[in-house]
Amino acid sequence: MSLLEVANLTVLDSRRPGRDAYAEDATRLVDSVSFALEERQTVAIVGEPAGGTLPLALAIVGLIPAAGGDIRFDGQSLVGLSDRRLRPFRRQMQVLFSDPFGALPSHQTIARMLLATRVFVGGSRARAERARDIERAMEMARLPMATRSRRPGDLEPSERQRAQLARALLFHPRLLICHDFTRGLDASIQASLLNRLCDLRDEYRLTLLVMTDDLAVASHLASEIHVLSRGKIVESGTPETIASQPNHEYTRRLIAATVTRH
């Protein structure tokens, strides 16, 4: 049984005033998308946020509704569940976004943010054990201890992403969804973060769903790639097959952009 299974998922655009999320004439942000992840596997969805990767990520964790299809986590269908019933699944599926300012509370220091997360997660209330858990998460994310007294706006870009990762790791997730997680970072910093994700996957049996418009990033992490264009998967294969035998014009454009970027 797959850890995550997405079957014929459709997400419609309901942002315009008066728009019904299930209206037949609504724009399809995600259009009949299907894929699966096995335990400890890394799969990449390659495409631009406007092409469907962001609504796909949000739909998987139940932050926007699905208009059709199914999403199963560990065999349990998530479509239509209330926030209360989704809560235990969301703990196991943590999302890492490209914009840490939108994901991290700007008014809190890193120490307070991680402590609030640790309290929310539950478990032992002993102060020493909470402190150990926070320190361990920071070490796992390679977040310097010196950042504890700082706010997100005072951190380097890579430190903000590591703070986001440390917070996610406090939930002991089974699945990390990385949406453009290393976008805009210098190549050396990007490589360091990607290598850390690989190490965490191997050491802690994590499953990774990587969403990016950078084929080099996808190929670095994933054993399987799905190319998403205008809400539809237009091509699937191994990194080697996608790079050497692209069938779709959009895939060829992504390859050209990757060569230019790197």
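Every letter in the sequence shown is one number past the one before it in my numbering, and letter 92, counting from 1, is 104.
For glycine and all other residues, C-beta sits at the position ideal for the given N, C-alpha and C.
Note that the structure is predicted; figures quoted are calculated from it, not measured.
Apart from sequence neighbours up to five positions away, the residues of its chain that approach A153 with a beta-carbon distance below 8 Å are R174, A175, L177, A178, L181, R208, ordered along the chain.
DSSP places Q106 inside the beta strand (DSSP E), whose first and last residues are 105-108. Here DSSP, grouped into helix, strand and coil, assigns Q202 to helix. A residue is called buried when at least 16 other Cβ atoms come within 10 angstroms of its Cβ; S94 does not meet this threshold and is exposed. Between the region 69-88 and the region 13-27, the count of C-beta pairs closer than 8 Å reaches three or more; the two stretches touch. Under the DSSP assignment, T65 falls in the alpha helix (DSSP H) whose first and last residues are 65-72.
With a beta-carbon spacing of about 6 Å, L68 and V45 fall inside the 8 Å limit used to define contacts. Between the region 155-170 and the region 130-139 there are fewer than three inter-stretch CB-CB distances shorter than 8 Å, so the stretches are not counted as touching. A residue is called buried once 16 or more other Cβ atoms fall within 10 Å of its Cβ, and T65 is buried on that count.
Between I267 and L227, the C-beta spacing is below 8 Å. In this structure, T121 and R160 form a Cβ contact; the two beta carbons are roughly 7 Å apart against a cut-off of 8 Å. Rounded to whole angstroms, the separation of the alpha carbons of D25 and C190 is 22 Å. Between the C-alpha atoms of S248 and Q104 there is a straight-line separation of about 26 Å. Burial check for S89: the Cβ neighbour count within 10 Å stays below 16, so the residue is exposed. Nearest to G59 by alpha-carbon distance, out of M223, A255, C210, P164, is M223.
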